[in-house]
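A quick write-up on the structure given underneath.
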Amino acid sequence: MQSRGMLILATVTALAVAGAVATVLGERGGDLAAAPAQMFPGLLDRVNDVHSIKITAAEGSFTVRRGQGDDWHLVERSDYPVKYEKVKQLVVGLASLRPLEARTARPEMHHRLRLAEPSGQANALDKGVAVQLLDKSGQPLEGAMIGKTRSIATSDREGWYYVRRLGDNQAWLASGRIEVWDKATAWLDTELMVIARPRIERAVSEQLGGEKLTVFREAPSEANFKVADVPAGKKVAYDTAPNSLGAALGFLGFDDVKREGDVDFSKLAHATFTTFDGLRISIELDASNPEEAARWARFRVEAGERSAKLESWPEAERKDLKSAEDVAKEIAAINKRVAGWAYLLPKYKASDLLTDAGRLLIDEQPEKPKS
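This is the structure in structure tokens:
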């Protein structure tokens, strides 16, 4: 299956390149006529032949590989999905680059333009990012060394970049729109799930030692969660304090990913969320080192009970809730994404998911006797 999105964008880009570059050349004068028409001739016509992208930077190399259609995966993360938009932006961006001006062809000078070989002896800040585009058989289609950005692209103007072809010492100042992510994790599709906050009815955290904390709401329109079973002599520190746990599913992303079997889940803490419309999200977090800056976690989503009050609420109260049929589809989609994977959650997110009573409750102060 071909990637129609990349092909369409490449066609539109090809039509726009000539006019955009003519504008730049007009601004720079007529001394650049010797520059070739394209940095990578013919690549725009072959963007759909790209099957994998190998990126080599100062910290190492990694490969992004095509699956079916517009699905792309990160080889070094057991083929976890990456963001297709980043693939499209890089490939079409490379294919659309236009050289404006020849610069140095002396390898010993490449470091000044951040075009030094990633594996060379230059300072890491002087090294370029090597990008190799490969076809289905693993044969190279094109290769580029991307260096310093001279001017950043804006909505109405292309950026200028220092570039050279792999295996060619000639450096160029080129125009276009390109961004290269030189860290493998920056390519990952880090969105786990999107659960609208009004849907959350209850959240429970359970520490490694078994201590539990429950927060809840009685209706979707309630702004703040409440703490269940507050012990005598204690009170909630402030009205919004329970929201740290209740709203912890918001903006749920991750920093890294592994196969579930590659993480030790022998010691666990838990966080469980239920929604008014019958969704139940169970999260198990590695608790082998409580002082860890971030925590590995695994997810399971299943059907729960729909609120008995749901049908009696007015439409305005139910506007963010889903039908039972849509919840079933949501469960299938999320489990397809997360099954078999372990996710490294950032410290702040792991901390919110494992909020304990000590962070929410304070001692009640005895009333002062009236004089």
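Residue numbers for the sequence shown follow the working numbering, so the first one is -9 and each next one is one higher. Ideal Cβ placement from N, Cα and C applies to all residues, glycine included.
Would T265 be called buried (16 or more neighbouring beta carbons within 10 Å of its own) or exposed?
-> buried
Nearest neighbour of E208, chosen from A193, Q197, V170 [CA to CA] = A193
Is the region 75 to 92 touching the region 162 to 172 in the sense that three or more CB pairs, one from each, lie closer than 8 Å?
-> yes
May I ask which residues mark the beginning and end of the beta strand (DSSP E) holding V291?
-> 285 to 296
Which term fits L178, buried or exposed, when burial requires 16 or more other beta carbons within 10 angstroms of its beta carbon?
-> buried
Does the region 59 to 75 come close enough to the region 131 to 150 that 3 or more CB-CB pairs lie under 8 Å?
-> no
Per-residue burial, A293 [other beta carbons within 10 Å of its own, 16 or more giving buried] | exposed
Own chain partners of I352 with C-beta closer than 6 Å, once the 5 adjacent residues on each side are dropped = A227
Under three-state DSSP, which class holds E169?
-> coil
Alpha carbon to alpha carbon, what distance is there between D61 and P71?
-> 7 Å
Could you work out which residue in D116, R56, P188 is closest to F263 when comparing CA atoms only?
-> P188
Per DSSP, which residues does W62 bridge with? Please list them.
-> R56
Assigned secondary structure, F244 (DSSP; H/G/I helix, E/B strand, else coil) = coil
On the three-pair Cβ rule with 8 Å, is the region 125 to 139 touching the region 195 to 212?
-> no
What is the residue span of the beta strand (DSSP E) that K339 lies within?
-> Where K339 is concerned, there is no enclosing beta strand (DSSP E), although the alpha helix (DSSP H) it sits in stretches over 337 to 343.
Neighbour-count burial assignment, F241, 16 or more Cβ in a 10 Å radius | exposed
Does DSSP classify L351 as helix, strand or coil?
-> strand
Euclidean distance between Cα positions of D219 and K309 = 30 Å
Span of the beta strand (DSSP E) holding Q197?
-> From DSSP, Q197 is part of no beta strand (DSSP E); its letter is neither H nor E.
What is the rounded straight-line gap between the Cα of A23 and the Cα of I321?
-> Confidence at A23 is low in this model, with a pLDDT of 36, below 50, so the placement of that residue is unreliable and no value is reported for it.
Find out if the Cβ-Cβ distance for the pair A174, V247 is shorter than 8 Å.
-> no
Given S234, which residues of its chain have a CB within under 6 Å of its CB, disregarding the five upstream and five downstream residues?
-> D342, T345
In whole angstroms, what separates the C-alpha of F244 from that of E191?
-> 24 Å
Going by alpha carbons, who is nearest to N113 out of H100, V121, L123?
-> H100
What whole-angstrom Cβ distance do I168 and I136 have, given they're in contact under 8 Å?
-> 7 Å
Keeping to the same chain, check which residues put their C-beta closer than 8 Å to that of L258; ignore five residues upstream and five downstream.
-> L198, E274, L275, D276, A277
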